[in-house]
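If you read the protein sequences in the order shown, they are chains A, B and C. For the first sequence, position 111 matches number 110 in numbering that gives the first Met the number 0, and the numbering has no gaps at all. For the second sequence, position 50 matches number 49 in numbering that gives the first Met the number 0, and the numbering has no gaps at all. For the third sequence, position 175 matches number 174 in numbering that gives the first Met the number 0, and the numbering has no gaps at all. Even glycine gets a Cβ: it sits at the ideal position worked out from N, Cα and C. Okay, structure first, notes after.
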Amino acid sequence: MSDEPKTISTNEQTSPAERKTAPIWIFALALILLFGGGVYFDQYSGWFNPQVYSPYENTDQLEAWQPKSGEAAVMAHGKQLYESVCGTCHNADGSGKPGQAPPLAGSEWVNAKSPNDVISIPLDGLSGEIHVKGETWNASMAAMGAGLSDSDLAAVISYVRTSWGNKGKPVMPDDVKAIRAKVAGKPPINGEQGLKALEK
Amino acid sequence: MKNGFSIFIAAVLLLGISWCAFVLAPVIQLGDEKQTVMINSTDIYPVQRTGAATLGLQVYRANGCAACHTEQIQQNGMACDLIVTSLGKNSSALQKVLAGSLSDSFLTTNDLPKTIRHGISMEIASSMSDKITAAGGKAEVHVYATGADIERGWGLRRSVAEDFLWDSPVQLGANRIGPDLADVGARLGDLNWQLQHLYAPQMFVKGSVMPPFRYLFVKQKKGAVPSADALQIPPGWPKDLQPPGGYEIVPTEDAKNLAAYLLSLRAEVPLHDAPYTPAVAAPTEKSK
Amino acid sequence: MNENVPASFADVKLEASCRVPLLALFGGAAVWLVVSSALALIASLNFHMPEKFAHCAWLTYGRVFPAANDALLYGFCVPAGIGVAIWILSQLGRAPLRDPLVPVFAANLWHLGVLVGLIEILSGNTTGFDWLEFQRGGSVLLFFAYLLLAAWAMMVFTARRERALQPPHWFLIAALFWFPWVYATANLFLVAWPVRGIAQSVIALWFANNFIFVWLSLIGLGTAFYFFPRLIGRPLQAVHYALFAFWSLILFGTFCGIPHTAPVPAWMPTLSSVGGGMFVVLLLTVTIVEVRTVWGFIKSKWDNGPFCFIGSGADCFVISLLMMIALACPAFDRTAGFTWFTQAQLQLQIYGFFAMTMFGAIYYLLPRAVDLKFPFPKLVAAHYWMSLIGIVLLVLPLAIGGIEQGLKLDNAKIAFPEIMNLSLMYLRVSTVGICFILIGNLLFALNVFVMTCVWKMALLKKILPAINAPLETSEVKS
């Protein structure tokens, strides 16, 4: 350790002969790596979406893998939603409340071949006259279903159309989607006339 | 010096980028996360832990359990099961569709519901399910998570941010010296087992390297009536684990809270960001 | 040293200005170093005789292990790093350290903070975040002690008489600023006003990476880039690569640290991996600088002392960097992320790279600053070999065992207890490694301690006559 050079000379850490910038290859390598990193990030990051976790790569893939549950699960889900959203007026057994909400069990509107009416009512609301099981009702209903997602509302309506002796066919989220686009921005349906007008 | 100052500013900016990415962005994105709804249910997740379990998290922290245990289920991928639930009326057409995927003979109504394909992709499962529906039958596609952790029975899906919503501090852990605990409450849900295991882990797993947490238990004189919460020590255990005559081993509050916390670890419900098909009551033919 | 080197008067003054603060910083650091390896040994023994610690809360693995880590990181690495940085800044700028009593006070405050923090951990009062276990009591002391030390280091820097900026300047100054930023962020968001849910873990992981990887690398590389030229006697070669290494370290290194195993949205680990992939640039540039500077001098400068320590530290850095690049690959991270492999990388980074570099620097600069020789020069070589063997025995089994553990964890058919028992074999070897490291650390502490004692005795000898002498004499003189 005694033969080491003295500090003042070695304090000049850089020799003036050295080039001041790094050679081009290291920049090129950095750029290539950065490009590769960008491609990798684009593929796997889900672009900052907080819902995307690996092994899912993006939201499309995540949606594709959402369980399209069997009928039983849809019905269970629909039942739960019905009881919390619709059941307060229409009753848990679909019998309705006198003077307030018409029955759904056995209703010709619910059992109709086309589900369009029974989808548009909760999406857009209803006010005005409507005949249900021989009685005339003149109550109004807010757009209770507008806040539900397509699949949730489809589950509710499927549940209504297949429960309490009803013999309608289940509806698909796509049906709801189509009607939702149709009624978007329109005022609440004006009774039976409004429903007929909507069909056109 | 001017040169030095600009270098300094540049360096601060570059360091600031990483601060924005991994401090600011996560706080904005995940810091005010809300509870979510489980798949196929209106139940809210996660539910806040009970008081004892919340205190137990602090015991978990204080004793550094996270040094050996993770709370992060890994998931490598996902796959589908195809389950036939109904054969419908036109069963010969259906059997034709099914013939390709069944090695053995005909499906009969008694076999239902029957898993006819396991571990297939969502695309294949949906197209097969559509074919079965077209032939008048009914089929369900069940999604499940795959990976070694899930095969080990440590959980049903990967861990996600929601699982830790109520925890402070979040105890992720980094090394699996012991098994993963993210879902231990569902796997080993017996309070008594948890306490016994804390007291003498080697009695359950031979050669376990887990330190016995005897300092979370006290030895006390038996009263006229044995304490209700006294640790039940199986008579087969060695003598040095048994309390001396007239004494009993009682878990402290810390031990009880820790066990309550372990039982509350149940990160297993299906969520939108970690989906799988939850087990529902076996689908039955609709009675008309 | 003092008798055969005709040092200039200015040099002696420079060195002397740093003397007392450096003794305070390094003396405490040496104590914590020994404490840390003793705690690490206890932690490791927990695996081999779990029953022995069953009744003692203070010695349970979950408390002793983080305590050992923090004693090494906060007790040794930070004070040693700041001490070496102050000395290098003073040498580079030919400027003395002013008001040395303030940094002496700060150094003692720092060591008090570490003591408080360690007692907090062992008594169960931890924050629960890896590498940030010190609770408020310890961390507040540490933070203010650091601010004082860094302020004095910056004063040396701004008072420099040689204005030109050298590569070590870049690394050391950036490090001085980065630590309080990172440490304050972590403590404010995790301890003082904890954020909610998993965001805590992201910040904790970010903190650990920026402290253990970025901060230690900045100080360690700055030190190595200063000492290689000085020990060899010719300027740093390939300086432009050194600057490239600097920029890639602070631009990409700061992004690492979020593993693919973490339960966070995919963009975070993906971004981390992109940063980790860019380490290839860092690896190449650092290797080029070191090889081109050192090549051809290894034999002639081999001294079993400072040069060997710093050289081995640089080698460990390259290996640790390779391990980090491997962990940035998603597939490997998912396999090895929850195993001893990550521990191996951390130990290599902290002890193999940083502590070894610091040992070399301290063995070189302390005799000059104190103006005394080390009392046991032969123990320096012994320390070197003990540490080197210790690192190999500690890191290699953990790395290999970690990969095997990861591969077996990936195979659900292998029962978990079987994997655990398999790791035990590797842990036995690493326990032996810790013993070697403990002995090496004891030798280091012995040299520093005895040297401090000798210096204090000499001081006393000078002061005693002055105390006993009648007061008038001094008045007469003036």
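For Glu-161/B, name the three-state secondary structure that DSSP assigns.
-> helix
Please report the Cβ distance between Cys-79/B and Met-121/B, rounded to the nearest whole angstrom; I am assuming they are in contact, meaning their Cβ atoms lie under 8 Å.
-> 5 Å
With C-beta atoms as the reference, is Ala-52/B less than 8 Å away from Tyr-260/B?
-> yes
Compare the C-beta of Gly-359/C against all C-beta atoms of chain A and say whether one is closer than 8 Å.
-> no
Name the residue from Tyr-60/C, Ile-466/C, Val-290/C whose alpha carbon lies nearest to the alpha carbon of Ile-231/C.
-> Val-290/C
In the DSSP assignment, find the beta strand (DSSP E) that holds Cys-79/B and state where it starts and stops.
-> 76 to 85
For Ala-10/B, which of helix, strand or coil comes out of DSSP?
-> helix
Neighbour flag for Trp-18/B against chain C, beta carbons, 8 Å = yes
Report the three-state DSSP secondary structure of Ser-94/A (helix, strand or coil).
-> coil
Kindly say whether Leu-240/B, judged by its beta-carbon, lies nearer than 8 Å to any beta-carbon of chain C.
-> no
For Ala-21/A, the three-state DSSP class (helix, strand or coil) = coil
Quick one: grab the DSSP three-state call for Lys-185/A.
-> coil
Among Ala-24/B, Glu-150/B, Gln-47/B, which residue has its Cα nearest to the Cα of Gly-76/B?
-> Glu-150/B
Could you say if the stretch 271 to 291 of chain C and the stretch 52 to 63 of chain A meet the contact criterion of at least three C-beta pairs nearer than 8 Å?
-> no
Leu-125/A versus Ile-38/B: straight-line alpha-carbon distance, rounded = 30 Å
Proximal residues to Leu-270/B (C-beta, below 8 Å), its chain only, five neighbours per side dropped | Thr-35, Met-37, Ile-38, Tyr-44, Arg-156, Val-159, Glu-161
Residue nearest to Phe-188/C in terms of C-alpha spacing, selected from Pro-234/B, Ser-226/B, Phe-203/B, Leu-23/B | Leu-23/B
Using the beta-carbon of each residue, which ones in chain B are nearer than 8 Å to Lys-112/A?
-> Here the premise fails: no neighbours, minimum Cβ distance about 18 Å.
For the 8 Å Cβ check, are there 3 or more pairs between the stretch 401 to 420 of chain C and the stretch 205 to 214 of chain B?
-> yes
Given 8 Å as the limit, is there contact between the stretch 298 to 309 of chain C and the stretch 333 to 346 of chain C, that is, 3 or more CB pairs closer than that?
-> no
Taking Cβ to Cβ, would you say Pro-366/C is nearer than 8 Å to Phe-373/C?
-> yes
Determine the closest residue to Leu-30/A out of Ala-66/C, Val-279/C, Ile-349/C, with distance taken between C-alpha atoms.
-> Val-279/C
For the alpha helix (DSSP H) that contains Glu-134/A, what are its first and last residues?
-> Taken as a continuous stretch (DSSP letters only), Glu-134/A belongs to no alpha helix (DSSP H), being part of the beta strand (DSSP E) at 134 to 136.
Kindly indicate if chain C contains any beta-carbon less than 8 Å away from that of Ala-65/B.
-> yes
For Thr-114/B, name the three-state secondary structure that DSSP assigns.
-> strand
Just the C-alpha distance for Leu-347/C and Arg-213/B, rounded to the nearest angstrom, thanks.
-> 34 Å
Tell me, to the nearest whole angstrom, how far the beta carbon of Phe-353/C is from that of Gly-219/C; I am working on the premise that it is less than 8 Å.
-> 5 Å
Any beta-carbon of chain C closer than 8 Å to the one on Tyr-214/B?
-> yes
Residue-level contact to chain A via CB, Met-0/B, 8 Å cutoff | Because Met-0/B carries a pLDDT of 46, less than 50, the predicted location of this residue cannot be relied on, and no value is offered for it.
Just checking my contact of Ser-429/C with Leu-392/C at CB under 8 Å: how many whole Å lie between their CB atoms?
-> 7 Å
Ser-271/C to Ala-203/C span [Cα, whole Å] | 14 Å
Which whole-angstrom value is the C-beta distance of Leu-262/B and Gly-184/B, which I expect to be below 8 Å?
-> 4 Å
Neighbour list for Pro-374/C in chain A, Cβ cutoff strictly below 7 Å = The premise fails here: Pro-374/C is roughly 15 Å from chain A at the closest Cβ pair, so nothing lies under 7 Å.
Would you call the stretch 174 to 189 of chain B and the stretch 207 to 221 of chain C touching, i.e. three or more CB-CB distances under 8 Å?
-> no
Length at least 4, wholly inside the stretch 137 to 223 of chain C: the alpha helix (DSSP H) runs in chain order = 166 to 186, 198 to 207
Which class does Leu-397/C belong to by DSSP, given the choice of helix, strand or coil?
-> helix
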